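A quick write-up on the structure given underneath.
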Amino acid sequence: MAGRIEDYALIGDMQTAALVCRDGTVDWLCLPRFDSHAIFAGLLGTEEHGFWRLGPAHASDAEPPTAARRTYRGDSLVLESEWDTPRGTVRVTDFMPPRDGAPQLIRIVEGVSGRVPMRSELRMRFSYGRVVPWVHKHEGRTVAVAGPDSVWFDTEAETYGEALTTYADFTVAPGDRIAFTISWEPSHKEPPALPEPEQSLTATEDFWRDWVEHCTYHGPYREAVVRSLITLKALTYAPTGGIVAAPTTSLPEEIGGVRNWDYRYTWLRDAAITLSSLLRTGYREEARAWREWLLRAVAGDPENLQIMYGIAGERELGEAELDWLPGYENSTPVRVGNGAAHQLQLDVYGEVTEALHLAHMTGLARNDYASVLQLKLIRYLEDHWNEPDEGIWEVRGPRRHFVHSKVMAWVAVDRTIKLIESGDADGPLDHWKQLRDDIHRDVCEKGYDKERNTFTQSYGSRELDASLLLIPQMGFLPPDDKRVIGTIEAIQRELSTSDGFILRYPTDGDDEGVDGLPGDEGAFLACSFWMADDLAMIGRVDEARKLFEKLLSLRNDLGLLAEEWDPRLKRQVGNFPQAFSHVPLIDTALRLTASGAYGG
């Protein structure tokens, strides 16, 4: 069985990523890209679906021992795990060097004290665990081949095959260092170059240290902010600038439930807010790369803007179910692809425009086509803002007039007006000011419940929605407006869990709710950060700080967050690590630091 979601560490090379459990098992790795087929899919199945365990030897009928300590080496994505055994202490260093050639996962075993018997178990299963590759020797190297893929396994340790698994049994003493590397290469090409693990380790550490030095945030939550920034950088596909929402698919929002989605794509919304956080902490190059990715993805067809694309800008993300995988803790179905790609989500226009506006305001070099794109998006919104849509949460039920979607349409128009007023674009300024006023009036008349003094999820509904917390953050209304305060307090009353975290919206258990799905879900971490932001904005800064620090305590020991928190099981749920959780962590830290609302 796979570990708990929070038991995993992330390593990656900004083109793909692996998850490493506390017991030294790599249970998830897609090669060569985030969205490629997994060669280790044990996370969503069993050991028969692929894994690589490296740690102290143990009896075959015993559970693998878990590391006594693990940490990232400084401000990097280099993972160190240490085991204390009756025979001594051993350290394993796991990392993926920023790619210069074949993608590699390198694991270096180091003896710390005593003499520790170790074992490497490598079971490669291609196509998400369905295909057993042909494993053989080639000029002294071990290679696994199936169809278009080959994975090369290099180590100085002696290896042997048994039960379709490659093993290495060895012992380490103080000062011993033994490296293991897997490298991917298309099967029709020449073998990849022999790895150089020690040089790659130095280069990887240097890369992350140099990158973190550009961070402009030096407040009291720096450790949490920097770890979140590193995580966001790791989720960026370096060749194109696209940013994945998470490196995993089908980790459930409810253990045993059906809310299992593939997040290995670039949501415009997630990427736009990620870009905003990177810009506010000094990372302009990532912002420039994402803007170029956006322009390529949308090129020539802005009227048919999708809510998400592939990491290179692909449009077709057809959804399928992998019925041979039993799912994480029997949460089925396991899905690849995402059928929400062609939904209408009007809020995306606002998020994209807000990101382009922030890039412009922070001095990113002007791109004329970005301004042209922004104007084209507004012309589309002008004709469609008053239509129902699927909204920010990608409901699979009927379309509705979601209030958040209308607010973000207002944001898109407002930021475009500001662009024109700055002299960097031309457009019908008076006409669009009238449009901005029309949208604002429509929301305040149809999306506001006067009796309860709160905005609602959609026009004519009584349900609440945590996305309403973004109303003051987007400048739609000032924080001291009684309707804003009433909405914040209503969400606290009606969408808070017993431990004070925030649900996205009400769900109806076994019955289908507004999202068209049965079952429930955990508290949505982004929404809980939004609540902390809003509390700070309305002057309840002590309450905001306490909620923020309570949210920080939900991170795993390495500072990572999934999408949601299950208040009943007291554990993380959803895809992991999740950009949409780490971005608002950064934003809230910046807001609290600016307000001085922190202790010590």
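If you're matching positions, the sequence shown starts at 5 in the working numbering and goes up one per residue. Just so it is clear, CB atoms sit at the ideal spot from N, CA and C, and this is done for glycine as well. Since we're looking at a predicted model, the values are computed, not measured.
In this model, residue 277 and residue 131 are separated by some 32 Å (Cα to Cα).
Using a Cβ-Cβ distance cut-off of 8 Å, the segment 272-289 and the segment 226-238 are in contact, since at least three pairs of beta carbons, one from each stretch, lie closer than that value. Of the residues 351, 383, 454, 343, the one whose Cα lies closest to the Cα of residue 400 is 343. Membership of residue 526 in any beta strand (DSSP E) is not indicated, and neither H nor E is assigned to it by DSSP. Remark: C-beta atoms of residue 537 and residue 595 approach each other more closely than 8 Å.
Residue 360 sits away from residue 306, with the two beta carbons spaced by 8 Å or more. Residue 32 and residue 571 have their alpha carbons spaced roughly 26 Å apart. Rounded to the nearest whole angstrom, the CA to CA distance from residue 63 to residue 69 is 10 Å. Secondary structure note for residue 181: it is in no alpha helix (DSSP H), and the uninterrupted beta strand (DSSP E) holding it is 181-190. Between residue 494 and residue 456, the C-beta gap is smaller than 8 Å, which places the two residues in contact. Annotation for residue 361: the continuous alpha helix (DSSP H) segment containing it runs 351-365. Nearest in C-alpha terms to residue 193, of all of 206, 214, 147, is 147.
Only exposed fits residue 369, as fewer than 16 other CB atoms lie within 10 angstroms of its CB. Your pair residue 265 and residue 254 checks out as a contact, with CB atoms roughly 7 Å apart and the cut at 8 Å.
From the listed residues 444, 346, 61, 263, the smallest Cα separation to residue 325 is found for 263. When the five nearest sequence neighbours on each side are left out, the beta carbons in the same chain lying within less than 8 Å of the beta carbon of residue 77 are those of 83, 84, 97, 209, in order along the chain.
With a cutoff of 8 Å on beta-carbon distance, residue 579 and residue 267 are scored as near each other.
Taking the Cα of residue 335 as reference, the smallest distance to any Cα among 322, 437, 256 is reached at 256.
Around the beta carbon of residue 303, fewer than 16 other beta carbons lie within 10 angstroms, which makes this residue exposed. Counting only the Cα atoms, residue 589 lies some 46 Å from residue 164. Residue 586: member of the alpha helix (DSSP H) spanning 583-599, first to last residue. DSSP places residue 461 outside both helix and strand once states are collapsed to three, so it counts as coil. Per the Cβ contact rule, the segment 104-113 is in contact with the segment 188-202 (3 or more Cβ pairs under 8 Å).
Residue nearest to residue 331 within the set 320, 180, 258 is 258 (criterion: CA-CA distance). Contact holds between the segment 33-51 and the segment 128-143, because three or more Cβ pairs, one in each stretch, are under 8 Å apart. Your pair residue 317 and residue 39 does not check out as a contact, with CB atoms roughly 12 Å apart and the cut at 8 Å. By alpha-carbon distance to residue 567, the top candidate from 582, 178, 492 is 582. Beyond the five residues adjoining it in sequence on each side, residue 339 comes within less than 8 Å, by CB distance, of 253, 254, 264, 265, 266, 323, 324, 325, 326 in the same chain, given in chain order.
As DSSP reads the structure, residue 149 sits in a beta bridge with 138, 154.
Nearest neighbour of residue 123 by Cα position, chosen from 99, 142, 140, 56, turns out to be 56. One thing to note: residue 461 has its Cβ no nearer than 8 Å to the Cβ of residue 453. In this structure, the alpha-carbon of residue 415 lies about 10 Å from that of residue 475. Taking all protein chains in view, the Cβ of residue 206 is surrounded by fewer than 16 other Cβ atoms within 10 Å, so the residue is classified as exposed.
Counting along the chain, the unbroken alpha helix (DSSP H) around residue 279 starts and ends at 272-284. In the structure shown, the three-state DSSP call for residue 536 is helix.
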